[in-house]
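Novice:
There are 2 protein chains.
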Amino acid sequence: MTNESLIFKKFLARRDLRFTPERKAILEAVFDTHRHFDADEMVELLHKQGKKISRATVYRTLDLLVKGGLIRAMELGEARKVYEHIIGHKHHDHLICTGCGRIIEFDDGLIELLQQKVCDRLNFQAETHSLRMFGRCENCR
Amino acid sequence: MTNESLIFKKFLARRDLRFTPERKAILEAVFDTHRHFDADEMVELLHKQGKKISRATVYRTLDLLVKGGLIRAMELGEARKVYEHIIGHKHHDHLICTGCGRIIEFDDGLIELLQQKVCDRLNFQAETHSLRMFGRCENCR
DNA sequence: ACTCAATCTGAGATTGAGTCTCAATTAAAA
DNA sequence: TTTTAATTGAGACTCAATCTCAGATTGAGT
Numbered sequence: 024m025t026n027e028s029l030i031f032k033k034f035l036a037r038r039d040l041r042f043t044p045e046r047k048a049i050l051e052a053v054f055d056t057h058r059h060f061d062a063d064e065m066v067e068l069l070h071k072q073g074k075k076i077s078r079a080t081v082y083r084t085l086d087l088l089v090k091g092g093l094i095r096a097m098e099l100g101e102a103r104k105v106y107e108h109i110i111g112h113k114h115h116d117h118l119i120c121t122g123c124g125r126i127i128e129f130d131d132g133l134i135e136l137l138q139q140k141v142c143d144r145l146n147f148q149a150e151t152h153s154l155r156m157f158g159r160c161e162n163c164r
Numbered sequence: 024m025t026n027e028s029l030i031f032k033k034f035l036a037r038r039d040l041r042f043t044p045e046r047k048a049i050l051e052a053v054f055d056t057h058r059h060f061d062a063d064e065m066v067e068l069l070h071k072q073g074k075k076i077s078r079a080t081v082y083r084t085l086d087l088l089v090k091g092g093l094i095r096a097m098e099l100g101e102a103r104k105v106y107e108h109i110i111g112h113k114h115h116d117h118l119i120c121t122g123c124g125r126i127i128e129f130d131d132g133l134i135e136l137l138q139q140k141v142c143d144r145l146n147f148q149a150e151t152h153s154l155r156m157f158g159r160c161e162n163c164r
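Same order as they appear, the protein sequences are chains Y and E. Positions in the first sequence are counted from 1; adding 23 to them yields my numbering. Positions in the second sequence are counted from 1; adding 23 to them yields my numbering.
1. For the putative contact between Y:A10 and Y:L69, defined by C-beta atoms under 8 Å, what is the C-beta separation to the nearest angstrom?
2. Short of 8 Å in beta carbon distance, which residues of its chain neighbour E:R159, apart from the five on each side in sequence? Order them along the chain.
3. Among E:H115, E:I94, E:Q138 and E:R78, which has the Cα closest to the Cα of E:T56?
4. If Y:Q138 sits next to Y:H152, beta carbons under 8 Å apart, how far is it from one beta carbon to the other, in whole angstroms?
5. According to DSSP, which residues form a beta bridge with E:I30?
6. Give, in chain order, every residue of the region 67-99 of chain Y whose Cβ lies closer than 8 Å to some Cβ of chain E.
7. Ignoring anything shorter than 3 residues or poking outside the region 32-58 of chain Y, list the beta strand (DSSP E) runs there in chain order.
8. Is E:Q72 helix, strand or coil when you go by DSSP?
9. Any C-beta of chain Y sitting closer than 9 Å to the C-beta of E:T151?
10. Short check: CB of E:T25 to CB of E:I49, under 9 Å?
11. Against chain E, which members of the region 123-156 of chain Y pass a CB distance test of less than 7 Å?
12. Might you give, ordered along the chain, the residues of its own chain that have their beta carbon closer than 7 Å to the beta carbon of E:F60, omitting 5 neighbours on each side?
13. Assign Y:T84 to one of three DSSP states: helix, strand, or coil.
14. Looking at E:L118 and E:E128, is the spacing between their C-beta atoms short of 9 Å?
15. Using the C-alpha atoms, what's the distance from Y:I126 back to Y:E98?
16. Y:I126 by DSSP, collapsed to three states: which one?
17. By the 10 Å Cβ neighbour count, where 16 or more other Cβ atoms means buried, how is Y:L133 classified, buried or exposed?
18. Assign E:L166 to one of two classes, buried (16 or more other C-beta atoms within 10 Å of its C-beta) or exposed (fewer than that).
19. Have a look at E:I110, E:C163 and E:D143 and flag the residue whose alpha-carbon is nearest the alpha-carbon of E:L88.
20. Just by C-beta distance, which residues in the region 28-57 of chain Y are closer than 9 Å to chain E?
21. If the cut is a Cβ gap below 9 Å, which residues of chain Y does E:R164 touch?
22. Starting from E:E107 and walking both ways along the beta strand (DSSP E), at which residues does that stretch end?
23. Name the DSSP beta bridge partners of E:S153, please?
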């Protein structure tokens with residue numbers, strides 16, 4: 024049993040929700056994918072694997088994975104939301120190249136610290152944050 | 024002639040686009056509004072003022088104002104894009120209360136500086152950025 | 001002022017990601 | 001086994017945003 028399965032099961036149990044075969048299959052497909060993906064890509068991937076799971080269930084389960092803190096949803100300038108793993112990955116933010124669509128991840132502890140200071144100063148209790156910089160990567164500038 | 028009119032006219036002229044009565048009315052309505060607004064609110068506001076301007080034209084003109092650097096579009100956690108002025112306003116980022124929807128603006132020069140350093144380090148030429156922190160404001164925590 | 005090519009507009013159709021509905025199914029507890 | 005509640009799938013629905021295209025408007029050139 025993988026780490027993420029345990030965490031997801033615990034999350035579901037806490038809410039009287041069930042670890043169904045569909046949720047298991049989606050969880051596994053999500054954690055087998057080591058890049059950003061969107062909901063409809065996940066539907067397609069599951070169908071390619073012969074798993075007949077409806078769009079509605081995929082959307083619902085991705086929401087659960089977000090609520091459970093296993094994955095993170097982001098808007099990277101496109102219409103669709105994309106997702107990435109949280110578990111087993113250090114927090115990071117994104118540079119988004121408006122030329123080629125490339126996503127560059129970075130993290131900077133000092134920026135995070137200063138963000139926290141801003142929140143403290145304004146008496147705000149941050150739960151999540153999103154820092155995105157849009158521009159040109161080295162290949163496109 | 025206001026500052027923003029001059030800038031918008033110049034932007035349009037540079038692209039062989041016209042400063043039509045509709046675009047003028049939208050520009051004025053936008054800069055008379057001193058808070059965040061979305062496209063459909065702007066349509067409604069114009070209609071209340073007796074200006075019969077179509078949704079399509081409002082959407083198109085807001086895009087032009089963004090391209091021209093007069094206003095900025097953001098996603099603040101809701102489905103709709105919201106807009107705010109850029110001209111005459113210092114750059115800032117946002118705290119978004121997930122309890123009451125309140126938007127708190129802040130700016131922190133040191134964070135901006137560190138963002139620039141990240142871009143320099145990764146050879147990335149940033150054009151815009153967006154830093155949002157979601158959580159609970161002092162009234163909702 | 002007139003012509004003409006290019007831009008602009010409005011009404012409504014269309015798109016598309018995401019959500020909702022509800023009947024049938026499945027899981028788990030009693 | 002019975003009962004109760006959660007779950008699923010198919011497709012309808014929502015709604016912000018975009019697109020279409022015919023007719024109107026603009027402005028440069030004459």
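From the three backbone atoms N, C-alpha and C, an ideal C-beta is built for every residue, glycine too.
Specialist: So, from the data block:
1. Any answer about residue 10 of chain Y is impossible in this case: the structure gives chain Y only from 24 up to 164.
2. If we look at E:R159 and ignore the five residues flanking it on each side, its Cβ neighbours are C120, T121 and G122.
3. Comparing Cα positions, the closest option is E:I94.
4. Between Y:H152 and Y:Q138 the Cβ distance is about 6 Å, and since that is below 8 Å, they are a contact.
5. For E:I30, DSSP assigns no beta-bridge partner whatsoever.
6. Those would be E98, in chain order.
7. Segments of the beta strand (DSSP E) lying fully in the region 32-58 of chain Y: there are none.
8. DSSP places E:Q72 in coil when its eight states are reduced to three.
9. E:T151 counts as touching chain Y.
10. Cβ atoms of E:T25 and E:I49: not closer than 9 Å.
11. For the region 123-156 of chain Y, the set of positions with a beta-carbon nearer than 7 Å to some beta-carbon of chain E reads I127, F129, D131, L133, I134, L137, Q138, V141, C142, L145, N146, F147, Q148, A149, E150, T151, H152, S153, L154, R155 and M156 in chain order.
12. So the qualifying residues of the chain are V105 and Y106.
13. Looking at Y:T84 - three-state DSSP - the assignment turns out to be helix.
14. Taking 9 Å as the Cβ cut-off, E:E128 and E:L118 qualify as a contacting pair.
15. About 12 Å.
16. Looking at Y:I126 - three-state DSSP - the assignment turns out to be strand.
17. Answer is exposed; the Cβ neighbour count stays below 16.
18. Nothing in the structure corresponds to residue 166 of chain E, since chain E is present only between 24 and 164.
19. Answer by Cα proximity: E:I110.
20. Cβ contacts with chain E: none found.
21. What E:R164 touches in chain Y: N146, F147 and Q148.
22. K104 to H108 is the span of the beta strand (DSSP E), which, as asked, contains E:E107.
23. Looking at the DSSP assignment, E:S153 forms a beta bridge with Y:R155.
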